[in-house]
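In my numbering, the protein residues as written are 8 to 77.
Glycine is no exception: its CB is placed at the ideal position from the N, C-alpha and C atoms.
Following: one structure in structure tokens, then a few remarks.
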């Protein structure tokens with residue numbers, strides 16, 4: 008899955024998918040949501056994030072799982 012909001016760069020976080028312009032990994036967002044944090048919690052804890060960034064991380068995670076089954 009490609010997106011304008013997700014960046015994969017070997018020089019940033021060892022190439023983990025991150026929200027573009029940040030060092031916030033999509034994996035971190037998904038983990039925090041799975042642990043029970045809300046979107047509001049994430050927006051408060053990470054002021055550089057937007058709700059659209061969080062939705063993009065969720066979509067990225069879903070697309071990654073979809074790709075793995077193929």
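- Task: Ignoring anything shorter than 4 residues or poking outside the region 16-59, list the alpha helix (DSSP H) runs there in chain order.
- Result: Entirely contained in the region 16-59, the alpha helix (DSSP H) runs reaching 4 residues are, in chain order, 33-41 and 46-52.
- Query: Taking buried to mean at least 16 other C-beta atoms within 10 Å of its own C-beta, is residue 12 buried or exposed?
  - Reply: Burial of residue 12 is indicated by the presence of at least 16 other C-beta atoms within 10 angstroms of its C-beta.
- Under the three-state DSSP convention, the category residue 11 falls into: In this structure, residue 11 counts as coil in the three-state DSSP scheme.
- Query: If we call anything under 9 Å between Cβ atoms a contact, is residue 29 one with residue 63?
  - Reply: The Cβ-Cβ distance between residue 29 and residue 63 does not fall below 9 Å.
- Query: Given that a residue counts as buried once 16 or more other Cβ atoms are within 10 Å of its Cβ, and exposed if not, what is residue 15?
  - Reply: Exposed, because fewer than 16 other Cβ atoms sit within 10 Å of the Cβ of residue 15.
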